[in-house]
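K.L.:
Got a structure for you, written out below as structure tokens; questions coming shortly.
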Amino acid sequence: MGVEIVRHGRRYDGLTSEGMRVLSWAQQMYDDCKGLEREISALRRGIEGKFRLGILPGTAGVAPTLSIALAEKTPLLQQSILVSGASSLLQAIRENNLDIALMHLEDIPGEDFDTHLLYRERIFLFHAARTQQPRSTTWDHVLNRQLCLLNSAVPESIQDRLTQCTAQTIRTDSIDVLSAHVATGKYSAVLPQSLAGQLAHIPNLHAIGISGPMSHSNVGFVAGKNAFEAPSSHALLEMVHTPELAAALQSVISIHRRFQPKADSSQSPLK
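Here it is in structure tokens:
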């Protein structure tokens, strides 16, 4: 280029300012080449690197189905799964500590994040009893019952409504603790239908639909703006719409049907 890059003298005296700039460009070119090599290698061998998934306690029922399917498709990808509340997951996305999260989309500020709807589910009252139970109930009945509630199991609007419960309420971060309380028959739980499998071992379990407003939730993926374009996230979004995975997810979401009371018991009182 017609410029001196090394200071001349009896011995090496360092680089000129032009030489420092050339060295900086050369380092950048080297880094770019190595990055390109890694990307081409990943395309040839499959997606690799780290993939950090965040989930709510309320979306934990379907998380294993997703992570196992992703592991089978991208065996070189190193997955980690963080379980936390909505505010913590959103903050982790903002700080680039998570790649993607599975959350209630009702709670997401649209201007800061990209979202992708995965499924819509209903909220149920889970109760263990030997007596006949109604197929559905109202929020008024729910709020008069003793409840054991799983933190971040339902959208924030429903969590706010549950604070109006007039009976004794126990809150927990553990699905095992909640399950143990429901198994006694003394406490009921308000959960999305996708968590029914976590309670399937409880004898005489009933999944009673809650009627009226705020009885459903939209569940989907949340990421930073344009972050769905990352190879690992893009692979996950493509995969969830394949017939095989869609069927597997539907199977998890439908487990609650085993515990729904028969239609002819719809007028029976809760006991």
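Each residue of the sequence shown is one higher than the one before, starting from 1 at the first, in UniProt numbering.
Yeah, the Cβ is synthetic: ideal placement off N, Cα and C, and Gly gets one too.
This structure is a prediction, so every number in the text was calculated from the model and none was measured.
Would you call the region 187-199 in contact with the region 115-135, where contact means no fewer than 3 C-beta pairs closer than 8 Å?
P.N.:
Yes, since at least three Cβ pairs between the region 187-199 and the region 115-135 fall closer than 8 Å, the two stretches touch.
K.L.:
DSSP three-state call for residue 55: helix, strand or coil?
P.N.:
On the sequence shown, residue 55 is found 55 positions in, with the first residue counted as 1. Residue 55: strand per DSSP, three-state reduction.
K.L.:
Which residue or residues does DSSP assign as beta-bridge partners of residue 157?
P.N.:
Here residue 157 refers to the residue found at position 157 of the sequence shown. Paired residue(s): none; residue 157 is not in a bridge.
K.L.:
In this structure, how does DSSP classify residue 120 when only helix, strand and coil are distinguished?
P.N.:
For the purposes of this step, residue 120 is taken as the residue at position 120 of the sequence shown. In the structure shown, residue 120 sits in a strand (DSSP, three-state: E or B).
K.L.:
Measuring CB to CB, does residue 89 end up less than 9 Å from residue 63?
P.N.:
To locate residue 89, count along the sequence shown from 1; it is residue 89. To locate residue 63, count along the sequence shown from 1; it is residue 63. Cβ distance not < 9 Å, so residue 89 and residue 63 don't count as in contact.
K.L.:
Considering only the alpha carbon of each residue, which of 201, 33, 178 and 134 lies closest to residue 262?
P.N.:
For the purposes of this step, residue 262 is taken as residue 262 along the sequence shown, with counting starting at 1. Residue 134 is the option with its Cα nearest to residue 262.
K.L.:
Return yes when the Cβ of residue 53 is within less than 9 Å of the Cβ of residue 93, no when it is not.
P.N.:
Within the sequence shown, the letter at position 93 stands for residue 93. Within the sequence shown, the letter at position 53 stands for residue 53. Result no, Cβ atoms of residue 93 and residue 53 do not sit closer than 9 Å.
K.L.:
Considering only DSSP beta bridges, list what residue 108 is partnered with.
P.N.:
One-based indexing of the sequence shown puts residue 108 at position 108. The partner list for residue 108 (beta bridge, DSSP) is empty, contrary to what the question assumes.
K.L.:
My understanding is that residue 166 touches residue 143, with C-beta atoms under 8 Å, so please give their C-beta distance in whole angstroms.
P.N.:
Residue numbering aside, residue 166 sits at position 166 when the sequence shown is read from its first letter. Residue numbering aside, residue 143 sits at position 143 when the sequence shown is read from its first letter. That belief holds up - the Cβ atoms of residue 166 and residue 143 are roughly 6 Å apart, short of 8 Å.
K.L.:
From residue 108 to residue 255, what distance separates their C-alpha atoms?
P.N.:
What you label residue 108 is simply residue 108 of the sequence shown in a count that begins at 1. What you label residue 255 is simply residue 255 of the sequence shown in a count that begins at 1. Each residue's alpha carbon lies about 27 Å from the other.
K.L.:
Mind checking whether residue 137 and residue 202 have CB atoms under 9 Å apart?
P.N.:
Here residue 137 corresponds to residue number 137 of the sequence shown, with the count starting at 1. Here residue 202 corresponds to residue number 202 of the sequence shown, with the count starting at 1. For residue 137 and residue 202, no; Cβs fall outside 9 Å.
K.L.:
Taking 9 Å as the threshold (C-beta atoms), are residue 51 and residue 232 in contact?
P.N.:
Reading the sequence shown from its first residue, position 232 is the one you call residue 232. Reading the sequence shown from its first residue, position 51 is the one you call residue 51. Contact flag set, yes.
K.L.:
Comparing alpha-carbon positions, which option in 249, 257 and 260 lies nearest residue 119?
P.N.:
Taking the first residue of the sequence shown as 1, we reach residue 119 at position 119. Closest by alpha carbon: 249.
K.L.:
Anyone know if the C-beta pair for residue 76 and residue 49 falls short of 9 Å?
P.N.:
Position 76 of the sequence shown holds residue 76. Position 49 of the sequence shown holds residue 49. Against a cut-off of 9 Å, the Cβ pair of residue 49 and residue 76 comes out as a contact.
K.L.:
Do residue 129 and residue 181 count as a contact pair if the criterion is CB distance below 9 Å?
P.N.:
As a first step, residue 181 must be located in the sequence shown, where it is residue number 181. As a first step, residue 129 must be located in the sequence shown, where it is residue number 129. No, they are not a contact pair.
K.L.:
Quick one, are the C-beta atoms of residue 222 and residue 115 less than 9 Å apart?
P.N.:
The residue given as residue 222 occupies position 222 in the sequence shown. The residue given as residue 115 occupies position 115 in the sequence shown. Yes, these two residues count as a Cβ contact at 9 Å.
K.L.:
With distance defined between alpha-carbon atoms, name the residue in 237, 23, 204 and 214 nearest to residue 70.
P.N.:
Taking the sequence shown and counting its residues from 1, the one referred to as residue 70 is at position 70. Answer by Cα proximity: 237.
K.L.:
Would you mind sorting residue 12 into buried or exposed? The rule is 16 or more other CB atoms within 10 Å of its CB.
P.N.:
The residue given as residue 12 occupies position 12 in the sequence shown. By the neighbour-count rule (16 or more Cβ atoms within 10 Å), residue 12 is not buried but exposed.
K.L.:
Pick out whichever of 96, 258, 117 and 36 has its Cα sitting closest to the Cα of residue 196.
P.N.:
Along the sequence shown, one-based indexing puts residue 196 at 196. Nearest option by C-alpha distance: 258.
K.L.:
Using three-state DSSP, classify residue 258 as helix, strand or coil.
P.N.:
Against the sequence shown, residue 258 aligns to sequence position 258. Residue state, collapsed to three classes: helix.
K.L.:
For the region 126-204, list the beta strand (DSSP E) runs that are entirely contained and at least 3 residues long, ordered along the chain.
P.N.:
You should have 147-150, 169-172 and 189-192.
K.L.:
Would you check if the distance between the CB atom of residue 61 and the CB atom of residue 252 is smaller than 9 Å?
P.N.:
Taking the sequence shown and counting its residues from 1, one reaches residue 61 at position 61. Taking the sequence shown and counting its residues from 1, one reaches residue 252 at position 252. Going by C-beta atoms, residue 61 is nearer than 9 Å to residue 252.
K.L.:
Mind listing, in chain order, the continuous alpha helix (DSSP H) runs of no fewer than 4 residues lying wholly within the region 49-95?
P.N.:
If we require 4 residues or more, the alpha helix (DSSP H) runs fully inside the region 49-95 come out as 63-73 and 86-94.
K.L.:
Give me the Cβ distance between residue 157 and residue 214, rounded to the nearest whole Å; I'm assuming they're in contact under 8 Å.
P.N.:
Position 157 of the sequence shown, counted from the start, is the residue given in the question as residue 157. Position 214 of the sequence shown, counted from the start, is the residue given in the question as residue 214. 6 Å between Cβ atoms; contact.
K.L.:
With distance defined between alpha-carbon atoms, name the residue in 2, 219 and 179 nearest to residue 150.
P.N.:
Translated into the one-based positions of the sequence shown, residue 150 becomes position 150. Closest option to residue 150, Cα to Cα, is 179.
K.L.:
Which residues does DSSP pair with residue 115 in a beta bridge?
P.N.:
Residue mapping note: residue 115 aligns to position 115 of the sequence shown, counting from 1. Answer by DSSP bridge pairing, in chain order: 222.
K.L.:
Using a Cβ-Cβ cut-off of 6 Å (strictly less than) and excluding sequence neighbours within five positions of residue 98, which residues of its own chain qualify?
P.N.:
Within the sequence shown, residue 98 is the residue found at index 98, counting from 1. Excluding positions up to five away in sequence, the list reads 52, 54 and 92.
K.L.:
Would you kindly work out how many angstroms separate the C-alpha atoms of residue 34 and residue 169, rounded to a whole number?
P.N.:
The sequence position of residue 34 within the sequence shown is 34, counting from 1. The sequence position of residue 169 within the sequence shown is 169, counting from 1. Rounded to the nearest angstrom, the two C-alpha atoms are 57 Å apart.
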